[in-house]
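Read through the structure below, which is laid out as structure tokens, and then see the notes.
Residue numbers (the working numbering), protein chains in the order written: chain X, 1 to 146; chain Y, 1001 to 1334.
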């Protein structure tokens, strides 16, 4: 059998992805994480002077939550069900850094954990900054706001 | 010297046997349907070690020392140790071998490593280069995840075609002692690359390798699938097994009901493991546990082990290379 022919046969026989189930899980778990974030933000606004300061407190709290759940070995279990619902919020970002840090801790603090903790999160940061820069550039050029 | 049959198959007429064996598996594998076929189920997957790599090494060392104990022999009476694992530079095997002063042949065949060791061991015995050969292999879920995939606690959603690396180790002594099943044939496979690139579906990539090796073995020996009571493929998983059956059905090969797969069967339906198990230890513990117990109890008389391996690395995947695959077949008879 030719490779092309076999690749076609594989494509025709892959198990179906449970897309509806995955979407429902992602919707509800992602929603719950965001709802928790909203509760924290509302509380933070009661004692912080500006909305920006309250947002910073909220982000720190959610990162802390994601980190704790990762360290307890729970976050990957949630993500197994929720997929992007757990990966996209900032708790998911905290999970990528924490899980890599936990894994590479065994190779030492410097060349292990220190060097490799951004192995998953790194691309997000790099391309996040790049995308931010490009969007800001377009905004500046279009609106002429120098 | 009539030791070659057909184009690829080796025939062992002097009767090398698997005379002693030892299998140990992790707690998760110990909850599977064939748990009672394994010699030892570990209480946890760390064994008190600081790293999973150390645990993997310890598991292999344990399997080796236990099989020596069972065989009632010392490592000094063993002429070769053939071992392999999944880690870069097969460090688990090398480190385990460093504690035993015995000539060491380190091999790599991914999940097919065990069959490769079995075949090579039989060759050494048949050629009278050795009286006793020790073979062993080990794999650990965490070490394989780290090397081939992602950090263990990362938020990843697994697909139905993903396989879970089996935590476990197995060792066996091959010799001419009058017990245990005879190794009658070995068909070393050729590398088959169908151009598949998805590392999350290695079963589909490996199925054509298993198909080719089985076909060559049957053509060389003049046998059919029905001449075997059981054909155990290694780690094709549910998806790969399905593809193998499809390939066989297209050529109207009979006896498909005799096909079983170590990867598909090591975990139960209640265990969420995608397409099943994989890893160097998977087909090893299923052969030395499940299959040999049935050979010993005379429930089956003649078995073909077809261990498959996906010979990819984390680097080749990122560089967009396809997955080269291999399968080795070993015929066992009571």
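Don't be surprised by glycine CBs; every beta carbon is placed ideally from N, CA and C.
>> Beta carbons nearer than 7 Å to chain X: which residues of the stretch 1075 to 1100 of chain Y have them?
In response: When C-beta distances to chain X are compared with 7 Å, every residue of the stretch 1075 to 1100 of chain Y stays at or above that value.
> Mind checking whether residue 1271(Y) and residue 1032(Y) have CB atoms under 8 Å apart?
Replying inline: Here the question's residue 1271(Y) lines up with position 271 in the second chain. Here the question's residue 1032(Y) lines up with position 32 in the second chain. For residue 1271(Y) and residue 1032(Y), yes; Cβs fall inside 8 Å.
>> Buried or exposed, going by whether 16 or more other CB atoms sit within 10 Å of the CB of residue 1087(Y)?
In response: The sequence position of residue 1087(Y) within the second chain is 87, counting from 1. For residue 1087(Y), the number of other beta carbons within 10 angstroms of its own is at least 16, and it is reported as buried.
> Which whole-angstrom value is the C-beta distance of residue 1208(Y) and residue 6(X), which I expect to be below 8 Å?
Replying inline: Numbered from its first residue, the second chain carries residue 1208(Y) at position 208. Numbered from its first residue, the first chain carries residue 6(X) at position 6. Between the beta-carbon of residue 1208(Y) and that of residue 6(X) there is about 6 Å, and that keeps the pair under the 8 Å contact cut.
> Going by alpha carbons, who is nearest to residue 56(X) out of 42(X), 68(X), 69(X)?
Replying inline: One-based indexing of the first chain puts residue 56(X) at position 56. That would be 42(X), whose Cα lies nearest to the Cα of residue 56(X).
> How would you label residue 1244(Y), buried or exposed, when you count the other beta carbons within 10 angstroms and need 16 or more for buried?
Replying inline: Taking the first residue of the second chain as 1, we reach residue 1244(Y) at position 244. Residue 1244(Y) should be labelled buried.
> Cα-Cα, which of 1040(Y), 1130(Y), 1012(Y) is closest to residue 1025(Y)?
Replying inline: In the second chain, counting from the first residue as 1, residue 1025(Y) sits at position 25. Ranking 1040(Y), 1130(Y), 1012(Y) by CA distance to the CA of residue 1025(Y) puts 1040(Y) first.
> Nearest CA to the CA of residue 1212(Y): which residue from 1003(Y), 1159(Y), 1008(Y)?
Replying inline: Your numbering for residue 1212(Y) matches position 212 in the second chain. A check of alpha carbon separations from residue 1212(Y) across 1003(Y), 1159(Y), 1008(Y) identifies 1008(Y) as the nearest.
> Hey, does residue 1258(Y) have any beta-carbon neighbour from chain X nearer than 8 Å?
Replying inline: By one-based count along the second chain, residue 1258(Y) stands at place 258. No, residue 1258(Y) does not count as interfacial toward chain X.
> Do you know whose CA, among 1307(Y), 1308(Y), 1322(Y), lies nearest residue 1314(Y)'s CA?
Replying inline: Within the second chain, residue 1314(Y) is the residue found at index 314, counting from 1. Answer by Cα proximity: 1322(Y).
> Distance, Cα to Cα, residue 1100(Y) vs residue 1093(Y)?
Replying inline: Looking up residue 1100(Y) in the second chain gives position 100. Looking up residue 1093(Y) in the second chain gives position 93. Approximately 11 Å, taken between the alpha carbons.
> Going by other Cβ atoms of all chains shown within 10 Å of its Cβ, with 16 needed for buried, is residue 1013(Y) buried or exposed?
Replying inline: Locating residue 1013(Y) in the second chain gives position 13, counting from the first residue. Residue 1013(Y) should be labelled exposed.
> Among 1210(Y), 1218(Y), 1216(Y), which one has its Cα closest to the Cα of residue 1247(Y)?
Replying inline: Sequence index remark: in the second chain, residue 1247(Y) carries index 247 (1-based). Among 1210(Y), 1218(Y), 1216(Y), the Cα nearest to that of residue 1247(Y) belongs to 1210(Y).
> Below 8 Å, can you find three or more Cβ-Cβ pairs linking the stretch 1281 to 1298 of chain Y to the stretch 1168 to 1182 of chain Y?
Replying inline: In the pairwise beta carbon analysis, the stretch 1281 to 1298 of chain Y is classified as touching the stretch 1168 to 1182 of chain Y: at least three pairs are separated by under 8 Å.
> Among 1154(Y), 1134(Y), 1136(Y), which residue has its Cα nearest to the Cα of residue 1338(Y)?
Replying inline: Nothing can be reported for residue 1338(Y), as the shown portion of chain Y is limited to 1001 through 1334.
>> Suppose only complete runs of 3+ residues qualify. What are the beta strand (DSSP E) ranges in the stretch 1256 to 1334 of chain Y, listed by chain order?
In response: Within the stretch 1256 to 1334 of chain Y, the complete beta strand (DSSP E) runs of at least 3 residues fall at 1259 to 1261, 1276 to 1278, 1302 to 1310, 1325 to 1333.
> Per DSSP, what kind of secondary structure is residue 1236(Y) in: helix, strand or coil?
Replying inline: Here residue 1236(Y) corresponds to residue number 236 of the second chain, with the count starting at 1. Three-state DSSP puts residue 1236(Y) in coil, outside helix and strand.
> Looking at the structure shown, is residue 1147(Y) part of a helix, part of a strand, or coil, going by DSSP?
Replying inline: For this step, residue 1147(Y) is matched to residue 147 along the second chain. Of the three classes helix, strand and coil, the one that applies to residue 1147(Y) here is helix, per DSSP.
> How is the alpha helix (DSSP H) around residue 1220(Y) delimited, first residue to last?
Replying inline: Against the second chain, residue 1220(Y) aligns to sequence position 220. Segment 1202 to 1221, the alpha helix (DSSP H) holding residue 1220(Y).
>> Taking its Cβ as the centre, do 16 or more other Cβ atoms sit within 10 Å of residue 1057(Y), making it buried, or is it exposed?
In response: Residue numbering aside, residue 1057(Y) sits at position 57 when the second chain is read from its first letter. By the neighbour-count rule (16 or more Cβ atoms within 10 Å), residue 1057(Y) is buried.
>> Alpha carbons only, please: which of 1290(Y), 1217(Y), 1304(Y), 1206(Y) is nearest the one belonging to residue 1111(Y)?
In response: On the second chain, position 111 is the one that residue 1111(Y) refers to. For residue 1111(Y), the nearest C-alpha among the options comes from 1206(Y).
>> So, under 8 Å CB-CB, residue 1291(Y) and residue 1230(Y) are touching, yes? Tell me the CB distance rounded to an integer number of Å.
In response: As a working mapping, residue 1291(Y) is identified with position 291 in the second chain. As a working mapping, residue 1230(Y) is identified with position 230 in the second chain. Yes, they are in contact, since the Cβ atoms of residue 1291(Y) and residue 1230(Y) sit about 7 Å apart, within 8 Å.
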